[in-house]
Amino acid sequence: MFKIKNKLSSNLKTALEKNIYKNYRVIISCRSLLEKIEKRVLSSKGELLYTLPNLNCICANISKRTIERLSEYPEVKYIDFDSLVFSIPFNHSPISNIEKTKVNNPYTQIDENKYSLNGKDVCIGIIGTGIYPHSDFTKPDNRIVKFLDLTENYTYTYDNCGLGTFIAGIIGGNGYSSKGSIKGVAPRCNFYSIKVFDNTERAFASTILHSIYTLIEESREYNIKLIYLPLETFEFNPFILELFEKTFDYVAEMGLTIIIPTGSNSNKASTICGISSLNNCICIGGLSSINPPILYKYSSSGPYKRKHKPDFLAPCYKKFTTNLNIDYIPEKDNIKLYPHALRYNYAEVSSVALSAAYICGICAMLYEHKSDLTMKDIYSLLKLSATPLELPKESMGNGIVLEQNLTLTKDDKKKHGII
1 MFKIKNKLSS NLKTALEKNI YKNYRVIISC RSLLEKIEKR VLSSKGELLY TLPNLNCICA
61 NISKRTIERL SEYPEVKYID FDSLVFSIPF NHSPISNIEK TKVNNPYTQI DENKYSLNGK
121 DVCIGIIGTG IYPHSDFTKP DNRIVKFLDL TENYTYTYDN CGLGTFIAGI IGGNGYSSKG
181 SIKGVAPRCN FYSIKVFDNT ERAFASTILH SIYTLIEESR EYNIKLIYLP LETFEFNPFI
241 LELFEKTFDY VAEMGLTIII PTGSNSNKAS TICGISSLNN CICIGGLSSI NPPILYKYSS
301 SGPYKRKHKP DFLAPCYKKF TTNLNIDYIP EKDNIKLYPH ALRYNYAEVS SVALSAAYIC
361 GICAMLYEHK SDLTMKDIYS LLKLSATPLE LPKESMGNGI VLEQNLTLTK DDKKKHGII
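See the structure below:
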């Protein structure tokens with residue numbers, strides 16, 4: 001009995017003892033024989049949500065009795081609650097007059113790309129709030145190559161929160177609606193959007209993990225090179241963190257790169273937490289100002305144990321990006337509904353998620369010029385391009401990375417006519 005009890009997390013054990021719920025959404029870690037556990041879940045009238053074979057895990061909604069029965073199976077290693085994951089918060093306001101706003105906005109930064117790189121044909125997988133079918137993504141060609149909705153199961157693209165559309169604009173808006181005045185870093189990249197957050201901007205860890213493995217499985221078909229996770233976790237749960245760490249390791253082995261913001265805690269020391277503290281992901285913090293360098297107020301900082309996180313910094317305050325209509329519903333009775341013209345095509349947005357989106361666009365350009373780069377290669381090239389700032393090391397990592405300071409190898413510079 002002692003060994004069986006040790007298979008349950010302390011929180012889950014307490015919840016079962018107090019009979020808090022009729023059913024519990026849990027992640028079941030198995031040693032082997034996933035199919036046997038799946039059959040047991042279904043035979044007990046439980047709901048099988050996801051199977052994660054790479055992690056030997058199952059996510060399910062099951063009763064107390066089923067949990068107790070499963071804990072007796074030698075194939076079952078550990079059972080815990082499925083943790084909540086949160087979308088990164090943001091502030092925004094629509095832009096009514098682009099040129100006037102640009103003049104009055106001291107934070108406007110126009111980067112100069114000295115290479116002929118624009119992210120062409122490189123696909124970024126974004127796991128977030130969805131993506132609005134803005135003209136900057138759909139015209140003259142539709143660059144949203146695939147959309148999966150794990151909240152409402154809609155077929156067509158939409159975003160009822162906002163962040164997914166804002167970060168996509170920073171990464172790869174092509175400026176169609178502004179005649180090129182407002183563009184993203186990689187305006188010819190493609191997007192594969194998986195919507196995991198509903199309008200409460202919350203999701204479960206298992207849904208995120210399932211989405212990451214979905215992108216890995218389809219990475220060759222869509223040329224996915226980057227996975228962007230504009231999300232954060234707050235609790236210290238070693239079991240959940242281990243699942244993400246194993247997943248991040250697998251992503252790196254498959255030749256893809258994960259980009260993640262530091263999180264939205266205050267910029268004080270040792271506020272970074274959760275999945276942004278893990279290895280095998282590139283963690284990005286935000287700046288309110290470059291000269292003088294000022295950290296964005298809601299950009300979490302290190303140190304975390306002996307790690308120097310974040311890895312890099314980028315601007316994230318009052319950035320211009322694509323706007324949306326959060327009330328748009330993409331279909332009714334399985335019939336596609338087309339969005340009305342936006343009153344304001346662009347918005348001024350502040351969020352640490354934008355800094356990571358900016359770096360994601362730069363990484364898309366790096367993959368464009370050399371498609372077989374590993375995550376370590378990407379990290380090294382970003383480090384070569386980074387400029388240290390007068391900020392504590394634990395707050396800035398290797399420094400700020402800007403598009404105009406992007407450094408390529410000597411051979412790559414010859415290829416692009418720089419030397």
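Sequential numbering from 1 applies to the sequence shown in UniProt numbering.
Positions of the beta carbon are idealized from the N, C-alpha and C atoms, including for glycine.
None of these values were measured; they are calculated from a predicted model.
Three-state secondary structure (DSSP) of residue i
i    : result
V41  : helix
T214 : helix
N190 : strand
I326 : coil
V76  : strand
L295 : strand
A203 : strand
H369 : helix
I170 : helix
D121 : coil
I131 : coil
I98  : helix
K13  : helix
K309 : coil
D82  : coil
K22  : coil
T108 : Low confidence applies to T108: its pLDDT is 49, below 50, so where it sits in the model is not reliable enough to give any reading.
K247 : Reading off the sequence shown, one finds Thr at residue 247, where the question assumed Lys. It is helical.
T374 : coil
S87  : strand
Residue i beta carbon near the ligand NAD (any heavy atom closer than 8 Å)
i    : result
E218 : Summarising the ligand content, the structure contains no ligands, and the ligand NAD is consequently not present.
Bridge partner(s) assigned by DSSP for residue i
i    : result
C283 : I260
C59  : I27, Y50
A269 : Paired residue(s): none; A269 is not in a bridge.
P315 : L287
T321 : A347
D149 : K195
T165 : Looking at the DSSP assignment, T165 forms no beta bridge with any residue, so it has no partner.
S116 : Per DSSP, none; premise fails for S116.
L8   : I79
Y304 : K307
H92  : V349
Same chain, Cβ closer than 7 Å to residue i, five either side skipped, listed in chain order
i    : result
C360 : I124, I171, L226, Y228, I259
L49  : C59, A60, N61, S206
I98  : S178, S181, I182, Y346
N323 : P94, L342, Y344, N345, Y346, A347
A168 : I126, I131, F137, F191, T322
Buried or exposed (CB count within 10 angstroms, at least 16 for buried), residue i
i    : result
I329 : exposed
P106 : Residue placement at P106 is poorly supported in this model, since its pLDDT is 48, which falls under 50; the coordinates are not used for a value here.
T129 : buried
E35  : exposed
F236 : exposed
D80  : buried
R40  : buried
I418 : Residue placement at I418 cannot be trusted, given a pLDDT of 45 that sits under 50; what the coordinates show is reported in the next sentence. Result: exposed.
D159 : buried
L243 : buried
Given residue i as reference, the closest of the options once Cα atoms are compared
i    : options                : result
S71  : K13, P238, N118        : K13
P292 : I194, L389, L278       : L389
K22  : L42, S32, I212, R65    : R65
G162 : R220, H92, R202, E221  : H92
L384 : L391, S395, H369, V401 : V401
K332 : I131, P89, Y154        : Y154
L84  : A203, K309, N279, K246 : A203
Y78  : S32, R69, K7, K18      : K7
A252 : N279, P230, M396       : N279
N54  : D249, G397, R306       : D249
L231 : N160, C273, K297, Y304 : C273
F191 : R40, D82, R143, N267   : R143
H308 : I290, I335, T271       : T271
E75  : A353, E403, L33, M254  : L33
I294 : E218, L391, Y338       : L391
Residue-level contact to chain C via CB, residue i, 9 Å cutoff
i    : result
T387 : The structure shown has no chain C; it contains just one protein chain.
Same chain, Cβ closer than 6 Å to residue i, neighbours up to 5 away in sequence not counted
i    : result
L16  : K64
V122 : C189, K225, A364, Y367, E368
Y176 : S135, D136, K139
F147 : T157, S193
S300 : T262, G263, N265, T271, I272
S9   : D80
Nonlocal neighbours in the same chain, by C-beta distance under 8 Å from residue i, ignoring five residues either side
i    : result
G173 : H134, D136, F137, I182, K183, G184, P187, T321, T322
T407 : L381, L384, S385
E38  : L48, T51, I58
V103 : Caution is warranted here: a pLDDT of 47 is assigned to V103, below 50, making its placement in the model unreliable, and the coordinate value is therefore given only provisionally. Closer than 8 Å at Cβ, skipping near neighbours: no residue.
E218 : K146, Y192, I224
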